[in-house]
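Residue numbers (this note's numbering): 4 to 429. Here's the structure, in structure tokens; my notes come after.
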Amino acid sequence: MVEKRLARVERLNPDLMGMAFLDGVEVEVPFTAPGDVVEIMRWRRRKGRRVATEYTVVERSSIRVTPGCPHFGGCGGCRAQHLPYEEQIRVKEEGLSEVLGADVRVKPSPRVYGYRNRIDLVLSTSGIGFRRFGTWWDVVDVEECKLFGPSSRRAIRSVRDLIESSGAPKEEMLYDIRRGTGFLRYMVLREGKFTGELMVTLVTSEGEFPEDPSSYFEYADSVYWSVNRTKSDVSYGEVRRFWGGRFIEERIGGVTYGIHPNSFFQTNSYQLVNLLGTVSAMVDGERVLDMYSGIGTFGVFLAKRGFRVVGVDVNPHSIEMARMNARRNGVEATFITSSDRDEVEVRGFDTVIVDPPRPGLHPKFRRRLIKEGPGTVVYVSCNPKTLRRDLEELGSRYRVEEIQGLDMFPHTPHVEVVVKLVRLTN
Numbered sequence: 004m005v006e007k008r009l010a011r012v013e014r015l016n017p018d019l020m021g022m023a024f025l026d027g028v029e030v031e032v033p034f035t036a037p038g039d040v041v042e043i044m045r046w047r048r049r050k051g052r053r054v055a056t057e058y059t060v061v062e063r064s065s066i067r068v069t070p071g072c073p074h075f076g077g078c079g080g081c082r083a084q085h086l087p088y089e090e091q092i093r094v095k096e097e098g099l100s101e102v103l104g105a106d107v108r109v110k111p112s113p114r115v116y117g118y119r120n121r122i123d124l125v126l127s128t129s130g131i132g133f134r135r136f137g138t139w140w141d142v143v144d145v146e147e148c149k150l151f152g153p154s155s156r157r158a159i160r161s162v163r164d165l166i167e168s169s170g171a172p173k174e175e176m177l178y179d180i181r182r183g184t185g186f187l188r189y190m191v192l193r194e195g196k197f198t199g200e201l202m203v204t205l206v207t208s209e210g211e212f213p214e215d216p217s218s219y220f221e222y223a224d225s226v227y228w229s230v231n232r233t234k235s236d237v238s239y240g241e242v243r244r245f246w247g248g249r250f251i252e253e254r255i256g257g258v259t260y261g262i263h264p265n266s267f268f269q270t271n272s273y274q275l276v277n278l279l280g281t282v283s284a285m286v287d288g289e290r291v292l293d294m295y296s297g298i299g300t301f302g303v304f305l306a307k308r309g310f311r312v313v314g315v316d317v318n319p320h321s322i323e324m325a326r327m328n329a330r331r332n333g334v335e336a337t338f339i340t341s342s343d344r345d346e347v348e349v350r351g352f353d354t355v356i357v358d359p360p361r362p363g364l365h366p367k368f369r370r371r372l373i374k375e376g377p378g379t380v381v382y383v384s385c386n387p388k389t390l391r392r393d394l395e396e397l398g399s400r401y402r403v404e405e406i407q408g409l410d411m412f413p414h415t416p417h418v419e420v421v422v423k424l425v426r427l428t429n
């Protein structure tokens, strides 16, 4: 805590947080812009940093723009709607360039609102919406998510009707995050941006709905009920029942993908078009290993274009989905269940594509690439810090030929990076 005083926001850090100096010490100020003058009343330490928790903007920066969402500044879903989009891209380029030690350009998203094909809405006694910034227990009540689009308003209204018509007390029908009690926990919305298909998943604790919940979502193509029996705060569970289609479809670059509630799919369908094109352009040869293949997002797309693809993923459900996606697109591709900890064969391929989770490549698989990997590795990353570590390790046998950033997540600090690595000849 500090006494009330004024400070000017000098810059943005890679997390898109404003940075101001108090007595020579930097303090992060959320939802501010360079040039803002702020009056800081309180701050606290968070992971070794000082973050303002109580402050007022007393002089607004000239670069500010009007946020598209009325909940911006409280909701923790995004941090930068007050910044011009070109400023967001500039900060992301600076951050990537500093972390990776190279000049990295970031391709802007074709859309900055209505781009998300998935949102996870908290259903709780404190509200229906998203976590309040800086908390895990409080929820900002919303009527619509501007990043998802208009169908979110309809679905939120429907779930409110479902809760009201149940007649059950609020503390029984809705989850209490602090106490870990209550029935309804999450509503997950997924939408095919190019098909218009909508999936609604209601995630609950163990129990029963007072009435058929699907009747409140008759406009949805698929309605799922999943049960999370644990105290873990996650937006998925064991599927209890579904109504309508088992999947919804998304169509990207001439490829049709089936999407299930528990399958991963890139969040920005519009920018995924560019991501697939970027990865495809970096592939050399004909034989491709698609590691961490998921539902075949890259693998099926490449097989459709004549590449010979083998996809590998640890999740059997994802592999089942990838095989189904190959069949529905009429392509030949092999998908197998295995882990990056296993002895996955990398020899015999011209290119290996890796799209690992945030922790990056498992050391075993990284060593296998170094020892016997192919001429080209295409690395897709959502975490620049673990990407840098892996590039440093792979640098003993590979050189970086090309780096391309893509903004999959406007108004947030997150960014996707694709790197082409070519094996050294000696």
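Even for Gly, the Cβ is constructed at its ideal location relative to N, Cα and C. All of these numbers come straight from a predicted model, not from anything done at the bench.
Counting C-beta atoms within 10 angstroms of its own C-beta, Asn-429 has fewer than 16 neighbours from the protein chains shown and is therefore classed as exposed.
Within the segment 275–338, the runs of beta strand (DSSP E) at least 3 residues long that lie entirely inside it are, in chain order, 290–294, 311–316. Shown here for Pro-319: same chain residues with a beta carbon closer than 7 angstroms to its own, the five before and five after excluded, namely Thr-340 in chain order. DSSP, reduced to helix, strand and coil, places Tyr-189 within a strand of the structure shown. Around the beta-carbon of Leu-364, 16 or more other beta-carbon atoms lie within 10 Å, marking it buried. By the criterion of at least three beta-carbon pairs nearer than 8 angstroms, the segment 77–96 is not in contact with the segment 221–234. For the pair Cys-72 and Lys-149, the CB atoms are nearer than the 7 angstroms cut-off. Pairing Ile-356 with Asp-287 gives a Cβ-Cβ distance that is not under 7 angstroms.
In the structure shown, Gly-98 adopts helical secondary structure according to DSSP, grouped into three states. Cβ contact annotation for Pro-416 (same chain, cutoff 7 angstroms, sequence separation greater than five): Pro-17, Asp-18, Leu-19, Arg-82, in chain order. Of Leu-103, Arg-156, Gly-117, the smallest CA-CA separation from Leu-124 is found for Arg-156. According to DSSP, Asp-123 shares a beta bridge with Val-191. Proximity of the segment 30–40 to the segment 60–69 meets the contact definition, three or more beta-carbon pairs being nearer than 8 angstroms. C-alpha of Tyr-295 to C-alpha of Asp-343: approximately 8 angstroms in a straight line. Of all alpha-carbon atoms in Thr-56, Ala-55, Gly-76, His-85, the one lying nearest the alpha-carbon of Thr-69 is that of His-85. In terms of Cα proximity to Trp-139, the closest of Tyr-189, Ile-122, Ile-180 is Ile-180. Across the structure, Pro-366 and Val-380 are spaced so that their CA atoms are roughly 16 angstroms apart. Contact annotation: Val-403 and Arg-371 have beta-carbon atoms that are not nearer than 7 angstroms. By DSSP's assignment, Val-418 forms no beta bridge with any residue.
According to the DSSP secondary-structure assignment, Cys-78 is paired through a beta bridge with Phe-75, Arg-135. Each of Ala-23, Gln-269, Thr-128 was checked against the Cα of Ala-55, and the nearest Cα belongs to Ala-23. Between Val-162 and Met-190, the C-beta gap is smaller than 7 angstroms, which places the two residues in contact.
Nearest to Ser-168 by C-alpha distance, out of Glu-214, Lys-196, Ser-283, is Glu-214. Judged by DSSP secondary structure, Leu-165 falls within the alpha helix (DSSP H) whose first and last residues are 154–169. Cβ neighbours of Ser-238 within its own chain (closer than 7 angstroms, five residues either side excluded): Asp-123, Tyr-189, Val-191, Val-206. Ile-356: not part of any alpha helix (DSSP H); member of the beta strand (DSSP E) spanning 354–357, first to last residue.
DSSP places Ile-43 within a strand segment (E or B) once states are collapsed to three. By the C-beta criterion, the segment 254–269 is judged not to be in contact with the segment 384–395, since fewer than 3 inter-stretch pairs fall below 8 angstroms. In terms of CA proximity to Asp-410, Glu-96 leads the group Glu-96, Glu-323, Phe-197.
Considering only Ser-65, Gln-269, Gly-76, Met-44, the residue with the shortest C-alpha distance to Arg-135 is Gly-76. Apart from sequence neighbours up to five positions away, the residues of its chain that approach Glu-252 with a beta-carbon distance below 8 angstroms are Gly-195, Thr-198, Glu-200, Thr-259, Tyr-260, Gly-261, Ile-262, ordered along the chain. For the pair Ala-306 and Ala-325, the CB atoms are not nearer than the 7 angstroms cut-off. Listed as beta-bridge partners of Asp-179 by DSSP are Thr-184.
Here Arg-8 is exposed. Its C-beta has fewer than 16 other C-beta atoms within 10 Å. Distance from the CA of Tyr-222 to the CA of Val-30, rounded to the nearest whole angstrom, comes to 47 angstroms. Annotation: Gly-132 to Arg-426 spans about 47 angstroms, alpha carbon to alpha carbon.
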